[in-house]
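Q: Below is one structure. I have some questions about it.
2 protein chains.
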Amino acid sequence: MSQPTAAYAAHQPKDLLAPFGIDRREVGPGDVQIEIAFCGVCHTDLHFANNDWGASQYPLVPGHEVIGHVTAVGAEVKGFRAGDRAAVGCMVDSCGECEACRDDLEQYCYEGMTATYNSPTPDPGSLTFGGYSKRIVVKEEFVLRVPDNLELVGTAPLLCAGITTYSPLNHWKVGPGMRVGVVGLGGLGHMGVKFAHAMGAHTVMITTSASKGEDAKQLGADEVLLSTDTEAMAQQAGSFDFILNTIPVRHDVAPYLNLLHYNATMCVVGAVEPLDTVNAAQLVFGRKSLAGSLIGGIAETQQMLDFCGEHGITSDVETIRMDQINEAYERLVKGDVKYRFVIDMATLEE
Amino acid sequence: MSQPTAAYAAHQPKDLLAPFGIDRREVGPGDVQIEIAFCGVCHTDLHFANNDWGASQYPLVPGHEVIGHVTAVGAEVKGFRAGDRAAVGCMVDSCGECEACRDDLEQYCYEGMTATYNSPTPDPGSLTFGGYSKRIVVKEEFVLRVPDNLELVGTAPLLCAGITTYSPLNHWKVGPGMRVGVVGLGGLGHMGVKFAHAMGAHTVMITTSASKGEDAKQLGADEVLLSTDTEAMAQQAGSFDFILNTIPVRHDVAPYLNLLHYNATMCVVGAVEPLDTVNAAQLVFGRKSLAGSLIGGIAETQQMLDFCGEHGITSDVETIRMDQINEAYERLVKGDVKYRFVIDMATLEE
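Top to bottom, those sequences are chains A and B.
Take numbering that gives the first Met the number 0: the last position of the first sequence gets the number 349, and nothing is skipped along the way.
Take numbering that gives the first Met the number 0: the last position of the second sequence gets the number 349, and nothing is skipped along the way.
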């Protein structure tokens, strides 16, 4: 379980702001304490700050793209020592014993994984608090190693936006000889383009916006397909071996399913809500699949970070001060960021 | 292309009934002529007879579960000779050159496969006519061999109901150690149960009807799950490695997606229409897939027939006379058949 030594709850009345030191956890024998250098701002943070999903418990400290340096380790910790770079993503614990955990898919833990924030801990009444904070204490098994060559600030978003896009591309074996579409160019989509390109696929940015298309080429897209261009969409019907769909809201998947080759899959990673009507005929005529995917397991997250180290991949970020978070949330809603806000935690006053 | 020497169009005014010998085709050098012993009655036949999909062209001769004996072969035919058992399924031709055809997936031919009935032929203005007929002429590549040990009448439905269920079970590698659900017990579902059982999977019939559940056990189901039993449905959440969904109409897939294990797929083979709202969250939390599948290629259809020969599998049928077809269609709509009507073609008067 994670617990910060300083906490921050955006968008909440003053009396709900988490006080400094709330539920502070001592560093146990298997724990790693991290001084947080940067924390990425995920759309999920805003949903929780606003209680959009009805699950928020205040005081609430968002943040699950956490990166910094180890400041202390417990006696049983073998993999980290003070001064090491370290990172924490969306999970800080899971049962460790169920089939999913044994399959290195802790995100699908049968008991429910412990999320980095707003998640109950085994201590009754306790919650986890996230990375908008000075420090965090997390059990070693859920702490990631950060390759030395990666700049910390751009690495923070890899812990959620990165693994969320890497995992399905990896699971569906994206690689050379494949034509891969990435729908949507935001925090997730821009990582999807970088990864699909680095994996050797012919990468196509699918977007409503010509200017986003141009941006995507800078990120590694080989080609741009404007989803508003019905002629181009018709011409490219059946031509995609895999599509990563990062649209974060309810939408009509029909135009994208139409782009899939027979036997191919479109994986949704942005929307976690009802989709517009799915016509079974689109799946039947071509043995197509509509799938979803949630972040990735801890081992795969480490694999993703190592892949980023080898390929020099980080997220494109805009660094903000902690006191700019509400403004950042407003810009996030408008899609006004290329492509991820990251909070410089040195700006959080203790 | 197929062309019958006798034709029958149910549910149509007398003057639209296909006359005997319409578009009769001589046996060309690469063709096989089959005297039809039996033809299965597929729900698709009824949709076409009624023009439910707006694509019917009259006169129309339904029937794509065709079985009988070879009566003549062209000079270039090597695989069949007069007297051989032979069968024809849903397709009688395809381009043979596109990627799908080269992949033995003629059902997804880029040019569109030529269906056994109501499909344009290369001769302008001509249509194919199906198996509710005395004879059919089909190019050799689309004629299937029938194992000697299988009774012809029960083998006819394998050509559509059989391959439609065998192909996804085969594609998703159903076998021992897997828990496989079959939703719906009709023409497709009863074959799904037989195949999943024969492939060695722990086979669960998922149905709204306790009596259908008992019937399914006779067909090889190891277990029955009543979809109306919310407690049982909740208990078995996440427990299925694959689900074959044979429901033939629009429905809510949510209760079935909830049954899938992480990484698992539900494949729709019955419905070719819009499904009720699909919630992406159900796919995301568990990396689940919703897929579809259409019949199978010719090579896989032969593989299925050979599998049936090895395992002694045929369809459970009710044999009817040709003049009972309208009554059979009415009973089909009510689901009043165990599990497939098959027309005895000796009862069609020439």
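Quick reminder that beta carbons are idealized off the backbone N, C-alpha and C, glycines included.
Contact criterion: CB-CB distance below 7 Å. Does Pro-273 (chain B) meet it with respect to chain A?
A: For the purposes of this step, residue 273 (chain B) is identified with residue 274 of the second sequence, where counting begins at 1. At least one chain A Cβ lies under 7 Å of Pro-273 (chain B).
Q: For the ligand SAM, is there a heavy atom less than 6 Å away from the beta-carbon of Leu-151 (chain A)?
A: Absence of the ligand SAM is noted for the structure shown, with no ligands found whatsoever.
Q: Exposed or buried, Arg-227 (chain B), counting other C-beta atoms within 10 Å across all chains shown (16 or more means buried)?
A: Reading the second sequence from its first residue, position 228 is the one you call residue 227 (chain B). One detail in the question is off: residue 227 (chain B) reads as Thr in this sequence, not Arg. The residue is exposed, with fewer than 16 neighbouring Cβ atoms inside 10 Å.
Q: So is Ser-210 (chain A) buried or exposed if we call it buried at 16+ other beta carbons inside 10 Å?
A: The residue given as residue 210 (chain A) occupies position 211 in the first sequence. Ser-210 (chain A) is exposed by the Cβ-count criterion.
Q: Specify the secondary structure class of Leu-218 (chain B) as computed by DSSP and reduced to three states.
A: One-based indexing of the second sequence puts residue 218 (chain B) at position 219. Helix.
Q: Using 7 Å as the threshold, is the C-beta distance between Pro-156 (chain A) and Ser-292 (chain A) below it?
A: Residue mapping note: residue 156 (chain A) aligns to position 157 of the first sequence, counting from 1. Residue mapping note: residue 292 (chain A) aligns to position 293 of the first sequence, counting from 1. Against a cut-off of 7 Å, the Cβ pair of Ser-292 (chain A) and Pro-156 (chain A) comes out as no contact.
Q: Do you know whose CA, among B:Glu-230, B:Tyr-338 and B:His-310, lies nearest Ala-367 (chain B)'s CA?
A: Because chain B in this structure spans residues 0 to 349, residue 367 (chain B) falls outside the shown range and cannot be described.
Q: Note the first and the last residue of the continuous alpha helix (DSSP H) segment covering Val-332 (chain B).
A: For the purposes of this step, residue 332 (chain B) is taken as residue 333 along the second sequence, with counting starting at 1. Val-332 (chain B) -> alpha helix (DSSP H) spans 324–332.
Q: Does Gly-334 (chain A) get closer than 7 Å to chain B when you measure Cβ to Cβ?
A: For the purposes of this step, residue 334 (chain A) is identified with residue 335 of the first sequence, where counting begins at 1. Chain B, which has no Cβ nearer than 7 Å to the Cβ of Gly-334 (chain A), makes this no.
Q: With a cut-off of 8 Å, do at least 3 Cβ pairs link the region 67–85 of chain A to the region 96–106 of chain A?
A: The answer is no - the region 96–106 of chain A does not touch the region 67–85 of chain A, with fewer than three Cβ pairs under 8 Å.
Q: Quick check: the Cα distance between Pro-119 (chain B) and Ala-54 (chain B), rounded to an integer number of angstroms?
A: Taking the second sequence and counting its residues from 1, one reaches residue 119 (chain B) at position 120. Taking the second sequence and counting its residues from 1, one reaches residue 54 (chain B) at position 55. Rounded to the nearest angstrom, the two C-alpha atoms are 11 Å apart.
Q: Does the separation of the CB atoms of Val-87 (chain A) and Ser-132 (chain A) fall below 7 Å?
A: Here the question's residue 87 (chain A) lines up with position 88 in the first sequence. Here the question's residue 132 (chain A) lines up with position 133 in the first sequence. In this structure, Ser-132 (chain A) does not lie closer than 7 Å to Val-87 (chain A) by Cβ.
Q: Quick one: Cα of His-10 (chain A) to Cα of Phe-79 (chain A), how far?
A: Along the first sequence, one-based indexing puts residue 10 (chain A) at 11. Along the first sequence, one-based indexing puts residue 79 (chain A) at 80. The predicted position of His-10 (chain A) is uncertain, since its pLDDT is 40 and thus under 50; a value taken from the coordinates is nonetheless stated next. Taking the straight line joining both Cα atoms gives about 35 Å.
Q: For Asp-22 (chain A), which three-state DSSP category applies?
A: Taking the first residue of the first sequence as 1, we reach residue 22 (chain A) at position 23. The pLDDT assigned to Asp-22 (chain A) is 46, lower than 50, so where the model puts this residue is not dependable, and the model offers no usable value.
Q: Just to confirm, are Gly-180 (chain A) and Phe-141 (chain A) a CB contact at a threshold of 7 Å?
A: Sequence index remark: in the first sequence, residue 180 (chain A) carries index 181 (1-based). Sequence index remark: in the first sequence, residue 141 (chain A) carries index 142 (1-based). Their beta carbons are not under 7 Å apart, which means Gly-180 (chain A) does not touch Phe-141 (chain A) by this criterion.
Q: By the three-class DSSP mapping on this structure, what secondary structure does Gly-129 (chain B) have?
A: Locating residue 129 (chain B) in the second sequence gives position 130, where the first residue counts as 1. Of the three classes helix, strand and coil, the one that applies to Gly-129 (chain B) here is coil, per DSSP.
Q: For a cutoff of 7 Å on Cβ pairs, would you count Val-179 (chain A) as touching chain B?
A: For this step, residue 179 (chain A) is matched to residue 180 along the first sequence. No - not a single Cβ of chain B is within 7 Å of the one on Val-179 (chain A).
Q: Name the two residues that bound the continuous alpha helix (DSSP H) containing Phe-194 (chain A).
A: Within the first sequence, the letter at position 195 stands for residue 194 (chain A). Looking at the DSSP string, the run of the alpha helix (DSSP H) that includes Phe-194 (chain A) is 186–197.
Q: For a contact defined as C-beta to C-beta under 9 Å, what are the partners of Ser-288 (chain A) on chain B?
A: Mapped onto the first sequence, residue 288 (chain A) falls at position 289. Those are Thr-264, Cys-266, Ser-288, Leu-289, Ala-290 and Gly-291, listed as they occur along chain B.
Q: Report the residue ranges of all beta strand (DSSP E) runs contained in full by the region 213–260 of chain A; include only those spanning at least 3 residues, in chain order.
A: Entirely contained in the region 213–260 of chain A, the beta strand (DSSP E) runs reaching 3 residues are, in chain order, 222–225 and 239–244.
Q: Reducing DSSP to helix, strand and coil, say where Gly-153 (chain B) ends up.
A: As a first step, residue 153 (chain B) must be located in the second sequence, where it is residue number 154. The answer is helix: DSSP assigns Gly-153 (chain B) an H, G or I state.
Q: At least one CB of chain A closer than 7 Å to the CB of Tyr-165 (chain B): is that the case?
A: Position 166 of the second sequence, counting from 1, holds the residue named residue 165 (chain B). For Tyr-165 (chain B), the answer is no, since every Cβ of chain A falls outside 7 Å of its Cβ.
Q: Given that Ala-99 (chain A) touches chain B, what residues does it touch there, using C-beta distances under 8 Å?
A: To locate residue 99 (chain A), count along the first sequence from 1; it is residue 100. What Ala-99 (chain A) touches in chain B: Tyr-261.
Q: With 7 Å set as the bound, which would you pick, yes or no: does the beta-carbon of Gly-62 (chain B) sit closer than that to a beta-carbon of chain A?
A: Indexing the second sequence from 1 puts residue 62 (chain B) at position 63. No - not a single Cβ of chain A is within 7 Å of the one on Gly-62 (chain B).
Q: Start and end of the alpha helix (DSSP H) containing Thr-283 (chain B)?
A: Residue mapping note: residue 283 (chain B) aligns to position 284 of the second sequence, counting from 1. Looking at the sequence itself, residue 283 (chain B) is Val, so the reference to Thr does not match. Note, Val-283 (chain B): alpha helix (DSSP H), 279–283.
Q: Can you tell me whether Thr-346 (chain A) is buried or exposed, with buried defined as 16 or more other CB within 10 angstroms of its CB?
A: Taking the first sequence and counting its residues from 1, one reaches residue 346 (chain A) at position 347. Result: exposed.
Q: Count the other C-beta atoms from every protein chain shown that fall within 10 angstroms of the C-beta of Asp-22 (chain B), then say buried if there are 16 or more, exposed otherwise.
A: Looking up residue 22 (chain B) in the second sequence gives position 23. For Asp-22 (chain B), the predicted model reports a pLDDT of 46, less than 50, meaning its position is unreliable; a value from the coordinates is still stated below. Flag for Asp-22 (chain B) reads buried.
Q: Which bits of chain B does Gly-285 (chain A) rub up against, with CB to CB less than 7 Å?
A: Numbered from its first residue, the first sequence carries residue 285 (chain A) at position 286. Neighbours of Gly-285 (chain A) on chain B, chain order: Tyr-107.
Q: I need the straight-line Cα distance from Leu-168 (chain A) to Ala-236 (chain A), nearest angstrom please.
A: For the purposes of this step, residue 168 (chain A) is identified with residue 169 of the first sequence, where counting begins at 1. For the purposes of this step, residue 236 (chain A) is identified with residue 237 of the first sequence, where counting begins at 1. Approximately 21 Å between the Cα atoms of the pair.
Q: In whole angstroms, what separates the C-alpha of Val-248 (chain B) from that of Pro-146 (chain B)?
A: Along the second sequence, one-based indexing puts residue 248 (chain B) at 249. Along the second sequence, one-based indexing puts residue 146 (chain B) at 147. Each residue's alpha carbon lies about 33 Å from the other.
Q: Roughly how many whole angstroms lie between the Cα atoms of Thr-276 (chain B) and Val-267 (chain B)?
A: Here residue 276 (chain B) refers to the residue found at position 277 of the second sequence. Here residue 267 (chain B) refers to the residue found at position 268 of the second sequence. Taking the straight line joining both Cα atoms gives about 15 Å.
Q: Just to confirm before moving on: does the CB-CB distance between Val-283 (chain A) and Val-316 (chain A) stay below 7 Å?
A: Translated into positions along the first sequence, residue 283 (chain A) becomes position 284. Translated into positions along the first sequence, residue 316 (chain A) becomes position 317. No, the Cβ-Cβ distance between Val-283 (chain A) and Val-316 (chain A) is not below 7 Å.
Q: Compute the distance between the beta-carbons of Leu-218 (chain A) and Val-192 (chain A), then report whether it is under 7 Å.
A: Counting from one through the first sequence, the residue named residue 218 (chain A) turns up at place 219. Counting from one through the first sequence, the residue named residue 192 (chain A) turns up at place 193. In this structure, Val-192 (chain A) lies closer than 7 Å to Leu-218 (chain A) by Cβ.
Q: Beta-carbon within less than 6 Å of Ile-294 (chain A)'s beta-carbon, same chain only, minus the 5 sequence neighbours each way: which residues are those?
A: As a position in the first sequence, residue 294 (chain A) is number 295, starting the count at 1. The answer, listed in chain order, is Cys-89, Gln-106, Ile-162 and Thr-163.
Q: Where does Glu-348 (chain A) land, buried or exposed, given buried means 16+ other C-beta within 10 angstroms?
A: Start at 1 with the first residue of the first sequence, and residue 348 (chain A) comes out as number 349. Exposed, by the Cβ-count rule.
Q: How about Thr-318 (chain B) and Asp-343 (chain B): do their beta carbons lie closer than 7 Å?
A: Here residue 318 (chain B) refers to the residue found at position 319 when the second sequence is read from its first residue. Here residue 343 (chain B) refers to the residue found at position 344 when the second sequence is read from its first residue. Contact: yes.
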